[in-house]
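This report refers to the structure that appears directly beneath it.
In this note's numbering, the protein residues as written are 8 to 303.
So, in structure tokens, the structure goes:
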């Protein structure tokens, strides 16, 4: 395959033809130490997949001087040390890897996290207001939020928060008029057509529906987050009385595994009976494991 030309000054386009869909990528310099690649002319799913596939490919190259790859919904920011590598070199490698992408490229197998959540009350103070905005009951909001798998699209602030597709609410959820100065870790929030779990204390303006007692983030972990774009979260409501059973359990222990403790939660989440109505249907997430006790 002939390598695409790199002689354009600040912007260039490359069309990658595959059986479906046609992929188009626009690349331009971004300041003195970054290049941004944006997918255009694609549906949202194809654009997301293109930039994340490209990020995986660049990560495998380990180009000296590149210290940051930030894929989002339809763009990839490549950050580098301009004293060690220049824009032209980064663009050359980017185009080379883009040209190599094809139908044979496969991302890692996505995982499914089953996450217990206490909805409403002190843990989800905005649930009543969100229900009123949507014209639904609080139970209906909980059922929609916990009734489908939500895909992680990118990692955001703070500290690699999982930015997910939102639940199938009838209309987007507006952000709060007055943001909070502190949101507790584990808080489950929604805004627009997105959903997120706050991994650490931080300010925030997204309405809070509930909170998970599991430990989302531990700065000692490597990698820092157990999830990555492409994984999915399924929220399973639990009663407040069961909070202590899950407090401090690592989020990594809530990955669905065949035959593991979380398998019961998977069956409950996929059943026709709303799992939030039955505390016994909540995921166990192996709360009695040594790891939970040592990190609590």
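Ideal placement from N, C-alpha and C gives every residue a C-beta, glycine not left out. All of these numbers come straight from a predicted model, not from anything done at the bench.
Between the alpha carbons of residue i and residue j, how many angstroms are there, rounded?
{"i": "residue 59", "j": "residue 204", "result": "21 Å"}
{"i": "residue 182", "j": "residue 211", "result": "9 Å"}
{"i": "residue 122", "j": "residue 217", "result": "12 Å"}
{"i": "residue 262", "j": "residue 126", "result": "21 Å"}
{"i": "residue 196", "j": "residue 242", "result": "12 Å"}
{"i": "residue 88", "j": "residue 141", "result": "47 Å"}
{"i": "residue 258", "j": "residue 206", "result": "10 Å"}
{"i": "residue 99", "j": "residue 106", "result": "11 Å"}
{"i": "residue 40", "j": "residue 118", "result": "34 Å"}
{"i": "residue 47", "j": "residue 245", "result": "42 Å"}
{"i": "residue 304", "j": "residue 147", "result": "Since the first residue of the chain shown is 8 and the last is 303, residue 304 is not available in this structure."}
{"i": "residue 54", "j": "residue 190", "result": "32 Å"}
{"i": "residue 69", "j": "residue 96", "result": "13 Å"}
{"i": "residue 101", "j": "residue 165", "result": "27 Å"}
{"i": "residue 32", "j": "residue 49", "result": "10 Å"}
{"i": "residue 85", "j": "residue 73", "result": "7 Å"}
{"i": "residue 283", "j": "residue 240", "result": "The predicted model places residue 283 with a pLDDT of 34, which falls under 50 and marks its position as unreliable; any figure quoted below should be read in that light. Going from the Cα of residue 283 to the Cα of residue 240 covers about 16 Å."}
{"i": "residue 80", "j": "residue 161", "result": "7 Å"}
{"i": "residue 186", "j": "residue 120", "result": "28 Å"}
Does the Cβ of residue i lie closer than 6 Å to at least one heavy atom of the ligand MG?
{"i": "residue 194", "result": "Absent from the structure shown: the ligand MG. Ligands present: none."}
My output table needs one value for residue i: the three-state DSSP class, helix, strand or coil.
{"i": "residue 162", "result": "strand"}
{"i": "residue 235", "result": "coil"}
{"i": "residue 148", "result": "helix"}
{"i": "residue 59", "result": "helix"}
{"i": "residue 184", "result": "coil"}
{"i": "residue 105", "result": "helix"}
{"i": "residue 36", "result": "strand"}
{"i": "residue 200", "result": "coil"}
{"i": "residue 80", "result": "coil"}
{"i": "residue 71", "result": "coil"}
{"i": "residue 246", "result": "coil"}
{"i": "residue 41", "result": "strand"}
{"i": "residue 136", "result": "helix"}
{"i": "residue 252", "result": "helix"}
{"i": "residue 46", "result": "strand"}
{"i": "residue 189", "result": "strand"}
{"i": "residue 216", "result": "strand"}
{"i": "residue 224", "result": "coil"}
For residue i, I'd like the list of residues in its chain whose CB is within less than 6 Å of its CB, leaving aside the five on either flank, ordered along the chain.
{"i": "residue 188", "result": "210"}
{"i": "residue 108", "result": "60"}
{"i": "residue 159", "result": "169, 171, 234, 236 and 238"}
{"i": "residue 254", "result": "220"}
{"i": "residue 163", "result": "170"}
{"i": "residue 179", "result": "199 and 200"}
{"i": "residue 131", "result": "215, 216 and 217"}
{"i": "residue 124", "result": "195, 217, 219, 242 and 244"}
Suppose contacts are defined by Cβ-Cβ distances below 7 Å. Is residue i in contact with residue j by that definition?
{"i": "residue 231", "j": "residue 167", "result": "yes"}
{"i": "residue 82", "j": "residue 45", "result": "yes"}
{"i": "residue 78", "j": "residue 64", "result": "no"}
{"i": "residue 156", "j": "residue 214", "result": "no"}
{"i": "residue 151", "j": "residue 135", "result": "no"}
CB-CB under 7 Å to residue i, same chain, minus the five flanking residues each way: which ones, in chain order?
{"i": "residue 94", "result": "36 and 42"}
{"i": "residue 66", "result": "76"}
{"i": "residue 223", "result": "192, 193, 204, 206 and 258"}
Spatial neighbours of residue i within its chain, please: CB distance less than 8 Å, with the 5 preceding and 5 following residues excluded, ordered by chain position.
{"i": "residue 144", "result": "138"}
{"i": "residue 251", "result": "220"}
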